[in-house]
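Report on the structure given below.
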Amino acid sequence: MKRMTQALAITLALFPAAQALAEATAIDVRKTNGCGCCLSWMNHLEENGFAPTGQDMFGGSLVRFKFDNGVPQRMVSCHTAVIDGYVIEGHVPAADIRRLLEERPDTVGLAVPGMPYGSPGMGPEDDREAYDVFLIREDGSTEVFSSYAEG
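Numbered according to mature numbering (1 follows the signal peptide of the UniProt record, and there is no 0), the sequence shown spans residues -22 to -1, 1 to 129.
Right, dumping it as structure tokens:
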């Protein structure tokens, strides 16, 4: 009986972790081979309940993928992800992706242009430079979705 109780306790302790893994939200990340900040951003996503899969693309193909999916040139960063019909360009924080998925606006997606220091995957958040996350509209216009102050 004691062993059954211990096995049940272990199973119950592991259940939340297994459940969280099963409920992780899939996100497809297109990137260049060997990009460390892309991998760091994917780790940030994993730590926040996403299940990223990476696909390496050559530079020209990746740029074409971005433009074909509605990312304006001024919003470009190093990697592009697709999740539930939205495009995520660059080092967008997981919390903003979750908000996008909850609010479901009629839009292309989100972008953090460039590679701001301290954004997810780009160094420590407590020493970050200020940056904005932009909402990309179907017509290519953008508006600020969220802002992050210098840390």
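Ideal placement from N, C-alpha and C gives every residue a C-beta, glycine not left out.
- It is roughly 26 Å from the alpha-carbon of Asp74 to the alpha-carbon of Gly37.
- Judged by DSSP secondary structure, Gly32 falls within the beta strand (DSSP E) whose first and last residues are 28 to 34.
- Counting C-beta pairs with one atom in each stretch, the segment 84 to 101 and the segment 50 to 64 have three or more that are closer than 8 Å, which means they touch.
- Under the three-state reduction of DSSP output, Ser97 falls in the coil class, being neither helix nor strand.
- Of the candidates Met100, Ser97, Ile114, Ile114 places its Cα closest to the Cα of Arg82.
- Distance from the CA atom of Gly87 to the CA atom of His69, rounded to whole angstroms, is 13 Å.
- Rounded to the nearest whole angstrom, the CA to CA distance from Ala59 to Leu40 is 11 Å.
- Residue Phe112 holds the alpha-carbon nearest to the alpha-carbon of Val65 among Asp104, Phe112, Ala2.
- Our two residues, Met100 and Trp19, have alpha carbons roughly 8 Å apart in a direct line.
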